[in-house]
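Per the working numbering, residue 2 is the first one in the sequence shown, and the count goes up by one each step.
What follows is a set of notes on a single structure, which appears directly below.
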Amino acid sequence: MTRNALSSRLFLAILFLLMGSFAAQAQYSFDALRLSKQLPGQDPHSIALGSSSASQLQGFGSYIINPAVAAQMPASMFSMGIGVREISQEATYIGQQNSFSDSQTGITNIGFSYKMPTVVGSLVFGGGYVQTADYNTAFNVDAFNDLTSRTYQFLTDYTNDIAFNTFAIDDFNNFQESVFEYGGFQGVDQFAETTRRGQSGEYSIFMATEFQPDFFVGVSVGIPVSKSVFEQVFIESSPMDASGRPVYSGEQNTGTYNIDRMLFEEKITVDAVGYNARVGILYTGLNVLDFGLSYTTGTRWNVEERFDAFVQTRFRDVVTLDGQVQTDGDGNTFGPQLSDELSGEYSYNVTSPSRIHIGASTSSLPLINVSASAERVNYSNIRLSGFDSVDREVEIDENNFINRNFNDVWNLRAGASINIFDSIEPRVGWSYMPNPLAYLDNNDRHYLSAGIGIGINQSTSIDLGLQYGFWNTTEDLYYVDASTGIIVDSANIPVTFIETADQDVDRFHATFGITFRF
Numbered sequence: 002m003t004r005n006a007l008s009s010r011l012f013l014a015i016l017f018l019l020m021g022s023f024a025a026q027a028q029y030s031f032d033a034l035r036l037s038k039q040l041p042g043q044d045p046h047s048i049a050l051g052s053s054s055a056s057q058l059q060g061f062g063s064y065i066i067n068p069a070v071a072a073q074m075p076a077s078m079f080s081m082g083i084g085v086r087e088i089s090q091e092a093t094y095i096g097q098q099n100s101f102s103d104s105q106t107g108i109t110n111i112g113f114s115y116k117m118p119t120v121v122g123s124l125v126f127g128g129g130y131v132q133t134a135d136y137n138t139a140f141n142v143d144a145f146n147d148l149t150s151r152t153y154q155f156l157t158d159y160t161n162d163i164a165f166n167t168f169a170i171d172d173f174n175n176f177q178e179s180v181f182e183y184g185g186f187q188g189v190d191q192f193a194e195t196t197r198r199g200q201s202g203e204y205s206i207f208m209a210t211e212f213q214p215d216f217f218v219g220v221s222v223g224i225p226v227s228k229s230v231f232e233q234v235f236i237e238s239s240p241m242d243a244s245g246r247p248v249y250s251g252e253q254n255t256g257t258y259n260i261d262r263m264l265f266e267e268k269i270t271v272d273a274v275g276y277n278a279r280v281g282i283l284y285t286g287l288n289v290l291d292f293g294l295s296y297t298t299g300t301r302w303n304v305e306e307r308f309d310a311f312v313q314t315r316f317r318d319v320v321t322l323d324g325q326v327q328t329d330g331d332g333n334t335f336g337p338q339l340s341d342e343l344s345g346e347y348s349y350n351v352t353s354p355s356r357i358h359i360g361a362s363t364s365s366l367p368l369i370n371v372s373a374s375a376e377r378v379n380y381s382n383i384r385l386s387g388f389d390s391v392d393r394e395v396e397i398d399e400n401n402f403i404n405r406n407f408n409d410v411w412n413l414r415a416g417a418s419i420n421i422f423d424s425i426e427p428r429v430g431w432s433y434m435p436n437p438l439a440y441l442d443n444n445d446r447h448y449l450s451a452g453i454g455i456g457i458n459q460s461t462s463i464d465l466g467l468q469y470g471f472w473n474t475t476e477d478l479y480y481v482d483a484s485t486g487i488i489v490d491s492a493n494i495p496v497t498f499i500e501t502a503d504q505d506v507d508r509f510h511a512t513f514g515i516t517f518r519f
C-alpha cells in the first residue's frame, strides 16, 4: 500500500530529503556532531563574557580556549562553579503546537592552579575539570497523523523482531506491514515525549609561562568525557469515526486488526572518553591591546552506546483480524496486551575536528575592557571508525553523509567588562554559533549573557553569570524507509520520508562560582 506525494507536508519533506537523504538513519553522525561541539562558557566568569577568552584571562576555565592566558593568573588559586540549565521548546508538528521543558544541574568547573615564584615573568601550572557542552532537549508532540505511523520504522530498523512479536507489524503476502495498514491506513492519534540529558567536559593539566617579555605560551593535555541519555515515549492509538466507533475494529470485511494502542519506548545511552592537546600564544606588548592564538588537536573518542527498546500493543479483545481470532500453532490466542523488549551495546570511534581560536582584547583601560574572538571548526572533518566488519557499509555511509551535510563554521564571541568599581565588575557577552547542518536553513544559535564579579576580600571572589540562548531547529521523530514502498513521489517512485517537528528553543543557564587565592 502506498501514499501518493500530494500533500504539502510530504512535498516539503521530500525537498528536505533531497538535501540530506541519509539523515533518517544517521544516528552515529549526529552523536559525533554532539561530541564535537563546544558551547560558549567554561566557568561563571567566562560565561558572562561570552567565552571570548582567546586573548584574555576570564576565569579558571579560560585555558580551554587558550592555555597561554593561564600565565596571567595573579596568584595560585582554587576555583569551583555550578550551573543550573533550563530548556524550553515549543514544537510544531502537523500544525499542532506543544510546549515542554526540562532542567539540569551540573558542575561548570573545578580545579587549581599554582603560580611558581619567579624573578621575572611567570610560570603557572594546574589542572581540573571544565564543562565544555551540555545536551538538553525536551519536547512533545500531540496530533492526528493521516499520512504515516511510527510502526512503519519497525519494518526496517533494529526493533523489527520485537514489533513482529507484538503484532505491531505482521506478515502480509510475503511482506511485512504495519498493524494499522491492514484494511487501509486510516490515520492514528500520536503522542510523543522526547528528552536528551547530559553534558561533556574535560579533565586537563596545563602549563603557561612568559618566556619572553610580553610573550606568553601555554600548553594543555586533556581527557574529554561525555555522557548523554536519549529517551522517547511514543504512543499511537486508534481514532474514532463519526459515529464514535474505532476505525480499527477487527470486524469481518473491514480487513483491520482490532488494535487499540501501540506504545514504543526507546532509551539510548552514549558514554565517550577521548584525548586531545592544545597549544596557545598570547602577546601583550601593544600597550592596551592584546592578541591571542590557540590550536586544539582533534579529539579521538572511544564511544560506547547502549540501547533499550520496548514495544507494547493493546487490542480491544484477543487479537482479531477481519473477524478471525488469531492463534498460534497450539491454538492459543494472543492479547489483549502484548509486549516485548530488547537491549544491546555497540562501540565505535569518533575523531572530532581540530579547533583554531584567534582573538583580541583591551587591557587596563580606565572604564571598560572589551574582548572578541573567532573559532574555526571544520565539522566536515568529523570521522567515524572502528565499526564491526559487518557494519563497514554503515561506517562508509555515515562518513559520506558527514562530508555532504556538515558545514565548516566560524563561531564568534565578544564580551565587555566595566571597571569603574573597586570590588565589583559588571560583565556582558554575546556568542554566535552558525548552523553546522547544510540541509537546515534556520539552525544558527545565539547566546546573550551577563554577570558580575564580586571581590569579597583579597583572597576570595565570587562570580555570577546568566546566559540566554535561543534558536530554531528541526527534530526528527521517525522515518519511513524507501524500501517499504509506502511513500512515493509524484513519479510513483518510493522515497524515504522523515516525520519532523519544528522547534523554537529557549535555553537559560544560571551559574555561580567561587575562587580562593593563596
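Quick reminder that beta carbons are idealized off the backbone N, C-alpha and C, glycines included.
Quiz prompt | For D171 and F165, the rounded distance between their alpha carbons | solution = For the purposes of this step, residue 165 is taken as residue 164 along the sequence shown, with counting starting at 1. For the purposes of this step, residue 171 is taken as residue 170 along the sequence shown, with counting starting at 1. Straight-line spacing of the CA atoms in F165 and D171 works out to 6 Å.
Self-check item: DSSP state of Y136 mapped onto helix, strand, coil
Solution: For the purposes of this step, residue 136 is identified with residue 135 of the sequence shown, where counting begins at 1. Y136: coil per DSSP, three-state reduction.
Exercise. Report the rounded CA-to-CA distance for G360 versus A144, giving the unit in angstroms.
Key: Numbered from its first residue, the sequence shown carries residue 360 at position 359. Numbered from its first residue, the sequence shown carries residue 144 at position 143. Approximately 48 Å, taken between the alpha carbons.
Quiz item: Taking the C-alpha atoms as reference points, what is the distance between Q132 and V481?
Solution: The sequence position of residue 132 within the sequence shown is 131, counting from 1. The sequence position of residue 481 within the sequence shown is 480, counting from 1. Here the alpha carbons of V481 and Q132 stand approximately 37 Å from one another.
Self-check item: For V395, the three-state DSSP class (helix, strand or coil)
Solution: Your numbering for residue 395 matches position 394 in the sequence shown. V395: helix per DSSP, three-state reduction.
Quiz item: Can you check whether the CB of G82 is closer than 9 Å to the CB of T512?
Solution: As a position in the sequence shown, residue 512 is number 511, starting the count at 1. As a position in the sequence shown, residue 82 is number 81, starting the count at 1. A Cβ-Cβ contact shorter than 9 Å links T512 with G82.
Quiz prompt | Close Cβ partners of D215 (< 7 Å) along its chain, the five nearest in sequence each way excluded | solution = Against the sequence shown, residue 215 aligns to sequence position 214. Closer than 7 Å at the Cβ level, and outside the excluded window around D215, lie Y284, T285 and G286.
Practice problem: State the start and end residues of the unbroken alpha helix (DSSP H) segment that holds P225. | Solution: The sequence position of residue 225 within the sequence shown is 224, counting from 1. Unbroken run through P225 is the beta strand (DSSP E), F216 to S238; no alpha helix (DSSP H).
Self-check item: Q253 (DSSP reduced to helix, strand or coil)
Solution: Here the question's residue 253 lines up with position 252 in the sequence shown. Residue state, collapsed to three classes: coil.
Quiz prompt | Spatially closest choice to P45 from L294, V85 and A69, by CA coordinates | solution = Residue numbering aside, residue 45 sits at position 44 when the sequence shown is read from its first letter. Taking only the C-alpha atoms, the option nearest P45 is V85.
Self-check item: Other residues of its chain near K559: CB distance less than 6 Å, five sequence neighbours each side excluded
Solution: Coverage of the chain is limited to positions 2 through 519, which leaves residue 559 absent and any answer about it impossible.
Self-check item: Straight-line Cα distance separating Y159 from V429
Solution: In the sequence shown, counting from the first residue as 1, residue 429 sits at position 428. In the sequence shown, counting from the first residue as 1, residue 159 sits at position 158. Cα to Cα, the separation comes out at about 48 Å.
Self-check item: CB of A55 within 9 Å of CB of S353, strictly
Solution: Working through the sequence shown from its first residue, we reach residue 55 at position 54. Working through the sequence shown from its first residue, we reach residue 353 at position 352. No. Outside cutoff.
Quiz item: When we look at the beta-carbon of I499 and count the other beta-carbons within 10 Å, is it buried (16 or more) or exposed?
Solution: Taking the sequence shown and counting its residues from 1, the one referred to as residue 499 is at position 498. By the 10 Å Cβ count, I499 comes out buried.
Quiz prompt | Bounding residues of the alpha helix (DSSP H) (the contiguous stretch that carries Y183) | solution = Numbered from 1 along the sequence shown, position 182 holds the residue referred to as residue 183. For Y183, there is no enclosing alpha helix (DSSP H), since its DSSP letter is neither H nor E.
Quiz item: Looking at the unbroken alpha helix (DSSP H) that takes in F31, where does it start and where does it end?
Solution: Position 30 of the sequence shown holds residue 31. For F31, the uninterrupted alpha helix (DSSP H) run begins and ends at Q28 to S37, by DSSP.
Quiz item: Taking just the CA atoms, how far does S123 sit from A69?
Solution: On the sequence shown, residue 69 is found 68 positions in, with the first residue counted as 1. On the sequence shown, residue 123 is found 122 positions in, with the first residue counted as 1. Rounded to the nearest angstrom, the gap between the Cα atoms of A69 and S123 is 11 Å.
Quiz prompt | Minimum C-alpha distance to S239 - residue among Q191, P41 and G454 | solution = As a working note, residue 239 is residue 238 in the sequence shown. Taking only the C-alpha atoms, the option nearest S239 is Q191.
Self-check item: Minimum length 4: unbroken alpha helix (DSSP H) runs contained in the segment 38–81
Solution: Fully enclosed alpha helix (DSSP H) runs of 4 or longer: 45–49.
Quiz item: Helix or strand or just coil, what does DSSP make of Y153?
Solution: What you label residue 153 is simply residue 152 of the sequence shown in a count that begins at 1. Of the three classes helix, strand and coil, the one that applies to Y153 here is helix, per DSSP.
Self-check item: C-beta contact flag for I383 and V351 at 9 Å
Solution: Locating residue 383 in the sequence shown gives position 382, where the first residue counts as 1. Locating residue 351 in the sequence shown gives position 350, where the first residue counts as 1. Result yes, Cβ atoms of I383 and V351 sit closer than 9 Å.
Quiz item: Quick one, are the C-beta atoms of G281 and S205 less than 9 Å apart?
Solution: As a first step, residue 281 is located in the sequence shown; it is residue number 280 there, counting from the start. As a first step, residue 205 is located in the sequence shown; it is residue number 204 there, counting from the start. No, Cβ-Cβ distance for G281 and S205 is not below 9 Å.
Exercise. List the whole-angstrom C-beta distance separating E306 from V274, where the pair is believed to meet the contact cut-off of C-beta under 8 Å.
Key: Working through the sequence shown from its first residue, we reach residue 306 at position 305. Working through the sequence shown from its first residue, we reach residue 274 at position 273. Not a contact, Cβ separation roughly 13 Å.
Self-check item: Complete runs of the beta strand (DSSP E) confined to the segment 263–325 [at least 3 residues]
Solution: Listed in chain order, they are 290–297 and 301–316.
Practice problem: Let me know if T501 comes out buried or exposed under the rule of 16 or more other beta-carbons within 10 Å of its beta-carbon. | Solution: Taking the sequence shown and counting its residues from 1, one reaches residue 501 at position 500. Answer is buried; the Cβ neighbour count reaches 16.
Quiz item: Can the beta-carbon of S227 be found less than 9 Å from the beta-carbon of L36?
Solution: Translated into positions along the sequence shown, residue 227 becomes position 226. Translated into positions along the sequence shown, residue 36 becomes position 35. A contact, by the Cβ cut-off of 9 Å.
Practice problem: Would you check if the distance between the CB atom of G514 and the CB atom of I463 is smaller than 9 Å? | Solution: Reading the sequence shown from its first residue, position 513 is the one you call residue 514. Reading the sequence shown from its first residue, position 462 is the one you call residue 463. With respect to the 9 Å criterion, G514 and I463 are classified as neighbours on the basis of their beta carbons.
Practice problem: Could you have a look at S114 and say whether DSSP puts it in helix, strand or coil? | Solution: Counted from its first residue, the sequence shown places residue 114 at position 113. Residue state, collapsed to three classes: strand.
Quiz prompt | Secondary structure of A243, DSSP reduced to three states | solution = In the sequence shown, counting from the first residue as 1, residue 243 sits at position 242. For A243, the secondary structure class from DSSP, reduced to helix, strand or coil, is coil.
Quiz item: Going by DSSP, what residues sit across from S102 in a beta bridge?
Solution: The count along the sequence shown starts at 1 and reaches residue 102 at position 101. Answer is S89.
Quiz item: When the distance is taken between beta carbons, is S340 closer than 9 Å to V319?
Solution: Residue mapping note: residue 319 aligns to position 318 of the sequence shown, counting from 1. Residue mapping note: residue 340 aligns to position 339 of the sequence shown, counting from 1. Against a cut-off of 9 Å, the Cβ pair of S340 and V319 comes out as no contact.
Quiz item: Distance, Cα to Cα, A25 vs V220?
Solution: What you label residue 25 is simply residue 24 of the sequence shown in a count that begins at 1. What you label residue 220 is simply residue 219 of the sequence shown in a count that begins at 1. Here A25 scores only 47 on pLDDT, less than 50, and its place in the model is too uncertain to base an answer on.
Quiz item: What are the boundary residues of the beta strand (DSSP E) that includes A502?
Solution: Taking the first residue of the sequence shown as 1, we reach residue 502 at position 501. That run of the beta strand (DSSP E) goes F498 to R518.
Exercise. Given a cut-off of 9 Å, decide if E211 and E266 are closer than it, judged by their beta-carbon atoms.
Key: Translated into the one-based positions of the sequence shown, residue 266 becomes position 265. Translated into the one-based positions of the sequence shown, residue 211 becomes position 210. Cβ atoms of E266 and E211: not closer than 9 Å.
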